[in-house]
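Asks: The structure is given below, and queries will be raised subsequently.
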Amino acid sequence: MVRTCVICNKERAIIKRPKTRQQACRECFYYVFETEIHNTIIDSKLFNKGDKVAIAASGGKDSTVLAYVLKLLNERYQYEIELFLLSIDEGITGYRDDSLETVKRNQQQYDLPLKIVSYSELYGWNMDQIVKEVGLKNNCTFCGVFRRQALDRGAVMLEVDHIVTGHNADDIAETVLMNIMRGDIARLSRCTEIYLEGIRSIAIIGEAFELKKDVKLPIQGVCKRCGYMSSNEFCKACVLLEGLNRGLPKLGIGKTNKMLKKYGNMSEGMATIPKFMNKNSDSVGEQC
């Protein structure tokens, strides 16, 4: 039996949306998908006219859809925001070099400015070099920390007001389940401790809460080496790089302060992170 689209009642339905259980044709699905994103942007007041917005572009389907939709909606509804593509080159041979070619094609297709920031440029190491030092077991720790900081630094270079990243519901569900199965329940609450996700308009919060008055959040400061935001004397990226330079790749894995006490203070000769200028400050962070 051929089912018709429940939205237009004309075309043949080709998809059943898991979110609403609606059976829709292709054009109606596109329209509803785009309209929901537009409504979220307007209702949550995510952007203001004249804002500069960096789209984290990996070359994957999520970031590609995000770039397409934001450009489309910006032109359709005249948000009057300035869009940029921001891509991170981790230096993974056979993986990132191929995906960067996709990002470059997206840049030409959508006619958006593209900024590529590499680990080698920021830290003096790429992921291929790091894997040779630490092996395959803990390389995701390095990559995740470096990528997050690289996105923030790239945003400062572009002088943008927002960074937007593309995710899907499966990614979020997999992250939750992975941390539960690993027994790492504490990791699930990290994003509620400080305001990290300025663009994410909806948060799923549990029904039960336990409030502890004797727990204090760390004081936010800056790293003494690179001037980057950190709640410790040295940021995670600097400690990881110091461990690589000293032949102690596990130095930055685990509690930073405990590892520094175990292996000693940071060396004075470390100079892998270039000087970093904050656009809102005249001060320059020291070299790492």
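Take any residue in the sequence shown, count from 1 to its spot, add 646: that is its number in this note's numbering. Ideal Cβ placement from N, Cα and C applies to all residues, glycine included.
How many whole angstroms separate the CB atoms of Ala1002 and Ile809, which I take to be in contact at a CB cut-off of 8 Å?
Replies: For residue 1002 there is no data in the structure shown, the boundaries of the chain being 647 and 934.
Asks: Report the residue from Ala659, Lys778, Ser690 whose alpha carbon sits nearest the alpha carbon of Glu673.
Replies: The shortest Cα separation from Glu673 among Ala659, Lys778, Ser690 belongs to Ala659.
Asks: Between which residues of its own chain and Ser876 is the CB-CB distance below 7 Å, once the five residues before and five after are set aside?
Replies: Cβ within range, chain order: Gly867, Val868, Cys869.
Asks: If the criterion is Cβ atoms closer than 8 Å, does the pair Ser764 and Asp735 meet it?
Replies: Result yes, Cβ atoms of Ser764 and Asp735 sit closer than 8 Å.
Asks: Would you check if the distance between the CB atom of Lys698 and the CB atom of Val806 is smaller than 8 Å?
Replies: Yes.
Asks: Cβ of Gln669 within 8 Å of Cβ of Val652?
Replies: Yes, the Cβ-Cβ distance between Gln669 and Val652 is below 8 Å.
Asks: For Glu747, count neighbouring C-beta atoms within 10 Å of its own C-beta (all shown protein chains included) and say buried if the count is 16 or more, exposed if not.
Replies: Flag for Glu747 reads exposed.
Asks: Report the start-end ranges of each alpha helix (DSSP H) in the stretch 677 to 742 that is 4 residues or longer and not cut off at the edges.
Replies: Counting whole runs of 4 or more residues, the stretch 677 to 742 contains the alpha helix (DSSP H) stretches 707 to 723.
Asks: Just confirm the distance between the C-beta atoms of His684 and Leu719, as a whole number of angstroms; I'd bet it's less than 8 Å.
Replies: Sure, about 5 Å apart at Cβ, within 8 Å.
Asks: On the criterion of 16 or more Cβ atoms from any shown chain inside 10 Å, does Asn655 qualify as buried, or is it exposed?
Replies: Label assigned to Asn655: exposed.
Asks: Can you tell me the Cβ-Cβ gap for Ile738 and Asp774, rounded? I've got them flagged as a contact below 8 Å.
Replies: With 8 Å as the limit, Ile738 and Asp774 qualify as a contact, their Cβ atoms being about 6 Å apart.
Asks: Give me the Cα-Cα distance between Leu890 and Ser733, rounded to the nearest whole angstrom.
Replies: The alpha-carbon atoms of Leu890 and Ser733 are separated by roughly 24 Å.
Asks: Please classify Gly867: does DSSP put it in a helix, a strand, or coil?
Replies: DSSP places Gly867 in strand when its eight states are reduced to three.
Asks: Could you give the distance in angstroms between the alpha-carbon of Cys881 and the alpha-carbon of Gly873?
Replies: Each residue's Cα considered, the two are about 9 Å apart.
Asks: State yes or no: is the C-beta of Leu758 within less than 8 Å of the C-beta of Val749?
Replies: No, the pair does not count as a contact, with Cβ atoms beyond the cut-off.
Asks: Of the choices Arg793, Ser709, Asp798, whose alpha-carbon is the least far from that of Tyr756?
Replies: Nearest option by C-alpha distance: Ser709.
Asks: Leaving aside the five residues before and after Lys695 along the sequence, list all residues of the same chain whose C-beta is less than 8 Å from its C-beta, in chain order.
Replies: The residues are Tyr725, Glu726, Ile727.
Asks: Nearest by alpha-carbon distance to Cys786: which of Arg871, Gln753, Asn772 is it?
Replies: Nearest C-alpha to Cys786: Asn772.
Asks: Could you check the C-alpha separation between Asp816 and Asp830 for me, to the nearest Å?
Replies: Straight-line Cα distance between these residues: approximately 19 Å.
Asks: Out of curiosity, what's the CA-to-CA distance linking Lys662 and Met803?
Replies: Whole-angstrom Cα-Cα distance: 42 Å.
Asks: Under a three-way DSSP split, which group does Val648 fall into?
Replies: Note: Val648 maps to coil in three-state DSSP.
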